[in-house]
Amino acid sequence: MGALQASSSRPSESLPSLLVFYRYAYITPKTFIESIKLYGSMLQENIDSLKSKRDRLSSGLRKLIDTREKVSALEDDLKEKTIVVEEKKAAADAFAERVGEEKAKVTAESEKANLEAQTCADIQRNVSEQRSSCEEDLARAIPLVQQAEAALNTLNKKDFQEAKSLNKPPPGVEDITTAVMHLLAGVDPNIEVDKQGKLRDKSWKGAQKMMNNPEKFLQTLKDFKQVIDEGRVPEVNFKAVEPLLALPHFNREAIQKKSTAAAGLAEWVVNIYQFYKVVDSVAPKRRALEEATQQLEEANAKLAVVQQLVAELEEKLGKLVAEYDAAISEKNAVEAEANKCRTKLDMAQRLMNALGSEGTRWQQSIENFNEELRVMVGDVLLASSFVAYAGVFTKKYRDWLKTEKFVEFLRSKQIPMSAEPHPLHLLTTDAEMAMWNNQGLPSDQVSLENGAILTNSQRWCLLVDPQLQGSAWIKKREQSNNLQVTRLQHPRLIQTMETAISLGFSVFLENLEETIEAVLAPVVGRQTIKRGRSLNIKLGDKEIPYNSNFRLFLQTPLSNPHFPPEIQAECTIINFTVTEKGLEDQLLALAIQKEHPQLSKKRVLLIQQQNEFKITLAELESTLLDKLAAAEGDILEDTELILNLERTKSIATEVSAKVLLAKKTGERLDAISEQYRPVARRGALLFFLLSELFKMHSFYVYSMDAFVAVIHRAIDSVSKIPAEAEVDPGDVDDTLAAPETLAKSQEIDSETRAQEKGKTTKSGEEEGDSEEGDGESGEERDEKQSNESEDETPQGEIEAGSDKDESDQAPSEAEEKVVAEENSEEAEAGEGASASAGESDGNEQSRPPEANTGNGETQEGVTLVHAPSVDVGAPEGRTPSLRPQSAVSSCSGKSAKSSLSTREANNKETAEATEEAAEEMTPVGGEEANEEEEFLLEDVDNRVATLVDVITKFVFTYCNRGLFERHKLTFAVLLALRILVDGGSIDDSEAQLLIFSRVDSAAPQMPESAKSWMTEVQWGSCRSLEQSPIFKNNSLSLLQNFDQDSASWKRWFAEEKAETADLPRTFRGLSLFHRILLLRCLRPDRLIAALKEFVLQQLGPLFVEPPLFSMKDAYLESDRDTPIFFVLFPGVDPTPAVEDMARRVGCTA
1 MGALQASSSR
11 PSESLPSLLV
21 FYRYAYITPK
31 TFIESIKLYG
41 SMLQENIDSL
51 KSKRDRLSSG
61 LRKLIDTREK
71 VSALEDDLKE
81 KTIVVEEKKA
91 AADAFAERVG
101 EEKAKVTAES
111 EKANLEAQTC
121 ADIQRNVSEQ
131 RSSCEEDLAR
141 AIPLVQQAEA
151 ALNTLNKKDF
161 QEAKSLNKPP
171 PGVEDITTAV
181 MHLLAGVDPN
191 IEVDKQGKLR
201 DKSWKGAQKM
211 MNNPEKFLQT
221 LKDFKQVIDE
231 GRVPEVNFKA
241 VEPLLALPHF
251 NREAIQKKST
261 AAAGLAEWVV
271 NIYQFYKVVD
281 SVAPKRRALE
291 EATQQLEEAN
301 AKLAVVQQLV
311 AELEEKLGKL
321 VAEYDAAISE
331 KNAVEAEANK
341 CRTKLDMAQR
351 LMNALGSEGT
361 RWQQSIENFN
371 EELRVMVGDV
381 LLASSFVAYA
391 GVFTKKYRDW
401 LKTEKFVEFL
411 RSKQIPMSAE
421 PHPLHLLTTD
431 AEMAMWNNQG
441 LPSDQVSLEN
451 GAILTNSQRW
461 CLLVDPQLQG
471 SAWIKKREQS
481 NNLQVTRLQH
491 PRLIQTMETA
501 ISLGFSVFLE
511 NLEETIEAVL
521 APVVGRQTIK
531 RGRSLNIKLG
541 DKEIPYNSNF
551 RLFLQTPLSN
561 PHFPPEIQAE
571 CTIINFTVTE
581 KGLEDQLLAL
591 AIQKEHPQLS
601 KKRVLLIQQQ
611 NEFKITLAEL
621 ESTLLDKLAA
631 AEGDILEDTE
641 LILNLERTKS
651 IATEVSAKVL
661 LAKKTGERLD
671 AISEQYRPVA
681 RRGALLFFLL
691 SELFKMHSFY
701 VYSMDAFVAV
711 IHRAIDSVSK
721 IPAEAEVDPG
731 DVDDTLAAPE
741 TLAKSQEIDS
751 ETRAQEKGKT
761 TKSGEEEGDS
771 EEGDGESGEE
781 RDEKQSNESE
791 DETPQGEIEA
801 GSDKDESDQA
811 PSEAEEKVVA
821 EENSEEAEAG
831 EGASASAGES
841 DGNEQSRPPE
851 ANTGNGETQE
861 GVTLVHAPSV
871 DVGAPEGRTP
881 SLRPQSAVSS
891 CSGKSAKSSL
901 STREANNKET
911 AEATEEAAEE
921 MTPVGGEEAN
931 EEEEFLLEDV
941 DNRVATLVDV
951 ITKFVFTYCN
961 RGLFERHKLT
971 FAVLLALRIL
981 VDGGSIDDSE
991 AQLLIFSRVD
1001 SAAPQMPESA
1011 KSWMTEVQWG
1021 SCRSLEQSPI
1031 FKNNSLSLLQ
1041 NFDQDSASWK
1051 RWFAEEKAET
1061 ADLPRTFRGL
1071 SLFHRILLLR
1081 CLRPDRLIAA
1091 LKEFVLQQLG
1101 PLFVEPPLFS
1111 MKDAYLESDR
1121 DTPIFFVLFP
1131 GVDPTPAVED
1141 MARRVGCTA
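Sequential numbering of the sequence shown, starting at 1, is according to the UniProt record's numbering.
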């Protein structure tokens, strides 16, 4: 019910936003329902989180109390165990002496056994070598035996029958059979031998008898190898064969035709003879092998005896060692107990030393958590309402909504809440915000609130992000989630979405306009379909699996989009538009970087260190509590845990000390940096003034990159002026009119200029105040729109030392030719001016003019917008306000990138600065003393004043070139007023009286004396002037003075130059500004002349009569990536100037 009541009035709260900030915010029933869901989930989540933290602290606190109680008992136990350890140690020493004696005996016998073993090994090695040699020799005979057997395999029973059937063998056959009989003599019983074992019958008959049984004979031949191996063949047999082998026909080829059997036998005899010769040569080695084998057996026998003795001694020693080991084990066990007790005592003492002081703090934290739980209902309701409703608004409106609406309402309903509630305290932590800063999110309040809204919202977030600061942060933050960057016009959009939804990737849908394709409606609305246990979602004409890890981020570069209610109901819209305070801080960093690079490096590193310190401290404290809470059983027995806790606490203490040191260092660096705060403040003022010029004409849209480039050039120009020289307007004007002075000072290769993308010099020329210019702009817009780029959006950052800034000033060869011409003529392009209005690279989505509400539309490198134009006297509602709001016009260019959001361009400088810092997170500041002395010696105030003056003039000249003639004075006046309001010289309400012509309908009746020279409208307007104390707190009010001194007023009213004529005596001392207020009401015909004088007094002649357009200056500010864009009107032709410049730089058609 509380949430319902807190939200019941919210639909009406968006009305002031529309009226004051021209920003549409719809609160639909679905938005309210989603806020209720968010409240419920956040409430439960925060309650669970707080209870978990409280329980962790309670667990840790209990363990500390238990440890404190155990310390005394552990000390007594350790004394007893120490005595027992000494007794066991003495007994173990006695056993050790006996073991030593027995071990000496075993060692002596073991040495003998080792000698015998070495002898056996030597013999074994010799036997192995001899056996290997024999086997190698015999291996050579194997092929001979195989050939012999192969020869026999060619014979069969029939062959031998044919051979023995011959009465008289062919010539040579008998020699072969005789050789066979010689070999078989004494082996085959069928062959007769004499007493000497020699062959007795060498005749053919003897051969026939040998072959009488062919099968047996063939088998005898095949077994002959084995007979040779067994040594049963007499040596004389082989000697008898030798003469026959020498016969020329004793070979297979010669005898084959005569007898097949004889041919086979001849080959067998030849091979078996050679086999015998090999075997015979190996015989001595065999005998030596047999002798060595015998020696080995004898040595092994001796070794066995020695080993037996050693085994007996070792067995005896083993028993003694076992007894000794038992004693040692008993001693070790007791000693281990004592060590364990000592370790526990040591751990207990170390734990108390490390965490004893935390007990009080933890107890206080537990009480704080209980209090937070008590007020959780109101705090979560505030935070959830802030997330649900506040994201679309600017900082001023957010603060008003939070303090004057939400908090006031909750307190009126007596809902429990914190004394000083703030949504950020509940939505995030310091460590998380530090991590966001390191990822590229600016550290100003609005950016942090945006980060908190984005990370806590349950709906998909739609970023209103013209400067792309939020986009850069999201892309860095979601890198680990496989971020897919795409846009509605991308041809593979559906495929990318399908893949991301199915696999759980993150998708960044950039460059949205004010509508979203219907095909994405189910995804944007999270319209999942449950199929069993899985979730699906419809995309196009098919259902795809829905991964719960899928994340969708949407972004529009439009600064003030008007999204329909159905989109605002489905998305959480977050306004990431840069705030004036955020821009001021970042411009301050730029100024310090340009003026004092070393100080800037230290400052950047210090900020990063402080962020890292916050993250580290949070992680360390969480780790410490997690380890302590997760410990089971006796915590003192977990040595590793205690050591980790001690180490964690030590690191946390060290980091805390470094945080204090870093804070002090930061204060010193900030004190130095703050001296340049006026420069940054003026820069932010200028940018927010430029960002509101679209209210005068939609043509006036300026990108952040273009603005930053101008600031760079302005600061660089001041650095070229001697410190002692006084800069007068004329000097600065010369600098503005001749930027080649800057180009001369640069020595960077012109090719580096290609690193800067998308800067575009836009030059507008207008003849008179003709409204035909609007038509021309529309045609140019349509032509450019067809060439819109589909490139991905890169990231950028303001940084003085970046390549982009250097490339701004790097002269090309052609530019050097221009600089070298001493008497160059300035080409006039007509009555008008040009402006570099789009120096970013990327593109912004364009909208048709009829749908435009003041937002930018981007073409290739040029930003054009369309809205009704007004002058100083325009009706209320469309003229830029004097008090800068956070609404900023869209960026332009190919990427529309923000120079202020990312920190990727700082990586190189950060690395260099890191090298100068001490190791292990030592805070920066060890060497800043010398720099501080330098700053103290330098006249910083004068330099800052010069910088403020120069950047004002640079920005004015830059913007003035692109203004229509009728708007130039308006711009100068707005600039002067805003500077005066910012400095407190005039009140903002008084400035509004000049801008908006209000007629007080409740004015009293005009007296008759005034009717003769003024109208009722003028009377009512003067009544409005009485809001200013100047016209109210004099002796008489303005209207009363009109009545009493009507003649003087009538005389003044009739003056031709009323702006310089004397006012009636009562108001004669009015300042020029207050005179202008009177002219605004009574003599608007003299307002222009008075405003010129006002601008001249406040700003100088440059702002009244700015220099004419210089083709040379525009050329020097351009490069191959920054074209010069002319907006032409009838009667104006810049062609001659362009051609003349081309000739001067050596370019020909």
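Idealized CB from N, CA, C, for every residue including glycine.
At the level of alpha carbons, what is the spacing between A207 and S281?
Position 207 of the sequence shown, counted from the start, is the residue given in the question as residue 207. Position 281 of the sequence shown, counted from the start, is the residue given in the question as residue 281. Each residue's alpha carbon lies about 31 Å from the other.
Might you give, ordered along the chain, the residues of its own chain that have their beta carbon closer than 7 Å to the beta carbon of Y39, omitting 5 neighbours on each side?
As a first step, residue 39 must be located in the sequence shown, where it is residue number 39. Same-chain partners within the cutoff: A3, V380, L381 and S384.
Could you check whether G451 and I494 sit closer than 9 Å to each other, using their CB atoms as the reference points?
Looking up residue 494 in the sequence shown gives position 494. Looking up residue 451 in the sequence shown gives position 451. Their beta carbons are not under 9 Å apart, which means I494 does not touch G451 by this criterion.
DSSP three-state label for G893, please.
Locating residue 893 in the sequence shown gives position 893, counting from the first residue. Confidence is the limiting factor: at G893 the pLDDT is only 34, short of 50, which leaves the residue's position unreliable, though a coordinate-based value still follows. Residue state, collapsed to three classes: coil.
For the region 707-714 against the region 1001-1012, do three or more pairs of beta-carbon atoms, one drawn from each stretch, fall closer than 8 Å, so that the two count as touching?
Touching, no.
Kindly identify the DSSP beta-bridge partner or partners of D175.
By one-based count along the sequence shown, residue 175 stands at place 175. In DSSP, D175 forms no bridge with anything.
W1019: which of L221, L1078, N46 and C341 sits nearest, CA to CA?
Here the question's residue 1019 lines up with position 1019 in the sequence shown. Nearest option by C-alpha distance: L1078.
Using the Cα positions of W436 and G582, report the straight-line distance between them to the nearest angstrom.
Here residue 436 corresponds to residue number 436 of the sequence shown, with the count starting at 1. Here residue 582 corresponds to residue number 582 of the sequence shown, with the count starting at 1. Whole-angstrom Cα-Cα distance: 15 Å.
Give the DSSP-derived three-state secondary structure of C1147 in the structure shown.
Reading the sequence shown from its first residue, position 1147 is the one you call residue 1147. Three-state result, C1147: coil.
When burial is assigned at 16 or more other CB atoms within 10 Å of the CB, is T579 buried or exposed?
As a working note, residue 579 is residue 579 in the sequence shown. Label assigned to T579: buried.
Per the contact definition of three or more C-beta pairs closer than 8 Å, is the region 327-340 in contact with the region 26-35?
Cβ pair count under 8 Å is below three, so no.
Given a cut-off of 9 Å, decide if A1003 and R1023 are closer than it, judged by their beta-carbon atoms.
Here residue 1023 refers to the residue found at position 1023 when the sequence shown is read from its first residue. Here residue 1003 refers to the residue found at position 1003 when the sequence shown is read from its first residue. Yes; because the gap between Cβ atoms is below 9 Å, this pair is in contact.
Hey, how far is the Cα of K112 from the Cα of T220?
Residue numbering aside, residue 112 sits at position 112 when the sequence shown is read from its first letter. Residue numbering aside, residue 220 sits at position 220 when the sequence shown is read from its first letter. Spanning the two alpha carbons is a distance of roughly 55 Å.
Just reading off the alpha helix (DSSP H) that K968 is part of, what are its end residues?
The sequence position of residue 968 within the sequence shown is 968, counting from 1. That run of the alpha helix (DSSP H) goes E965 to G983.
What's the call for N449, buried or exposed, on a 16-neighbour Cβ count within 10 Å?
Numbered from 1 along the sequence shown, position 449 holds the residue referred to as residue 449. First, the amino acid is wrong: residue 449 is Glu here, not Asn. So E449 ends up on the buried side.
Please determine whether the Cβ atom of T515 lies at a distance below 8 Å from any heavy atom of the ligand COA.
Within the structure as shown, the ligand COA is missing, as the structure has no ligands at all.
Which residue marks the beginning of the beta strand (DSSP E) containing K530, and which one marks its end?
By 1-based counting over the sequence shown, the position of residue 530 is 530. Here the beta strand (DSSP E) through K530 covers T528 to R531.
Locate the alpha helix (DSSP H) running through L636, then write down its first and last residues.
To locate residue 636, count along the sequence shown from 1; it is residue 636. Premise fails: L636 is in no alpha helix (DSSP H) and is neither H nor E.
Could you tell me which residues DSSP pairs with N575 in its beta bridges?
Residue 575 sits at position 575 when you count from the first residue of the sequence shown. DSSP lists V464 as partners of N575.
By alpha-carbon positions, which one of R54, K319, L115 and V279 ends up nearest to E136?
Your numbering for residue 136 matches position 136 in the sequence shown. Nearest option by C-alpha distance: V279.
Which same chain residues, not among the five before or five after N549, have their C-beta less than 6 Å away from its C-beta?
As a working note, residue 549 is residue 549 in the sequence shown. Excluding residues within five positions, the ones whose Cβ falls inside 6 Å are G504.
Exposed or buried, which one is K257 when buried takes at least 16 other CB atoms within 10 Å?
Position 257 of the sequence shown holds residue 257. By the 10 Å Cβ count, K257 comes out exposed.
On the DSSP bridge assignment, give the partners of T556 in chain order.
For the purposes of this step, residue 556 is taken as residue 556 along the sequence shown, with counting starting at 1. According to DSSP, T556 bridges with V464.
In or out: P171 buried (at least 16 other Cβ within 10 Å) or exposed?
Taking the sequence shown and counting its residues from 1, the one referred to as residue 171 is at position 171. Exposed, since its Cβ has fewer than 16 Cβ neighbours within 10 Å.
State the CB to CB distance for the pair D182 and A240, rounded to an integer number of angstroms; the pair is presumed to be in contact (CB under 8 Å).
Working through the sequence shown from its first residue, we reach residue 182 at position 182. Working through the sequence shown from its first residue, we reach residue 240 at position 240. In the sequence as displayed, the identity of residue 182 is His instead of Asp. So it is a contact: roughly 4 Å between Cβ atoms.
Kindly give me the distance between the Cβ atoms of G197 and V236, rounded to whole angstroms, as I take these residues to be in contact under 8 Å.
As a working mapping, residue 197 is identified with position 197 in the sequence shown. As a working mapping, residue 236 is identified with position 236 in the sequence shown. The Cβ separation is near 6 Å, so the contact holds.
Let's test the definition: count the other Cβ atoms within 10 Å of the Cβ of K649 and tell me whether it reaches 16, buried, or not, exposed.
Here residue 649 refers to the residue found at position 649 when the sequence shown is read from its first residue. Classification for K649: buried.
Have a look at R350 and T67 and give me their C-alpha separation to the nearest angstrom.
Here residue 350 corresponds to residue number 350 of the sequence shown, with the count starting at 1. Here residue 67 corresponds to residue number 67 of the sequence shown, with the count starting at 1. If I take the Cα positions, the gap works out to 10 Å.
By Cβ distance below 8 Å, which residues in the same chain neighbour L155 in space, the five residues on each side in sequence not counted?
If you number the sequence shown from 1, residue 155 lands on position 155. If we look at L155 and ignore the five residues flanking it on each side, its Cβ neighbours are L218, T260, A261, G264 and L265.
Taking the straight line between their C-alpha atoms, what separation do you get for K105 and K302?
Counting from 1 along the sequence shown, the entry for residue 105 is found at position 105. Counting from 1 along the sequence shown, the entry for residue 302 is found at position 302. Distance between the alpha carbons of K105 and K302: 19 Å.
Measure how close the beta-carbons of V524 and I516 come, nearest whole angstrom, since I'm counting them as under 8 Å.
Taking the first residue of the sequence shown as position 1, residue 524 is located at position 524. Taking the first residue of the sequence shown as position 1, residue 516 is located at position 516. Contact holds; Cβ gap of about 6 Å.
The beta strand (DSSP E) that contains Q510, what's its start and end?
Translated into the one-based positions of the sequence shown, residue 510 becomes position 510. Note that residue 510 is Glu in the sequence shown, not Gln. From DSSP, the beta strand (DSSP E) with E510 extends over S506 to E510.
In the structure shown, what three-state DSSP assignment does T1122 receive?
Here residue 1122 corresponds to residue number 1122 of the sequence shown, with the count starting at 1. DSSP places T1122 in strand when its eight states are reduced to three.
Let me confirm a value: R531 is counted as buried when at least 16 other C-beta atoms fall within 10 Å, else exposed. Which label applies?
For the purposes of this step, residue 531 is taken as the residue at position 531 of the sequence shown. Classification for R531: exposed.
With a CB to CB cut of under 6 Å and the five nearest residues on each side skipped, what residues in its chain are close to Q610?
To locate residue 610, count along the sequence shown from 1; it is residue 610. Closer than 6 Å at Cβ, skipping near neighbours: A662.
Once the 5 residues before and after K89 are set aside, which same chain residues still bring their CB inside 7 Å of it?
Against the sequence shown, residue 89 aligns to sequence position 89. Cβ neighbours of K89 beyond the five flanking positions: K331.
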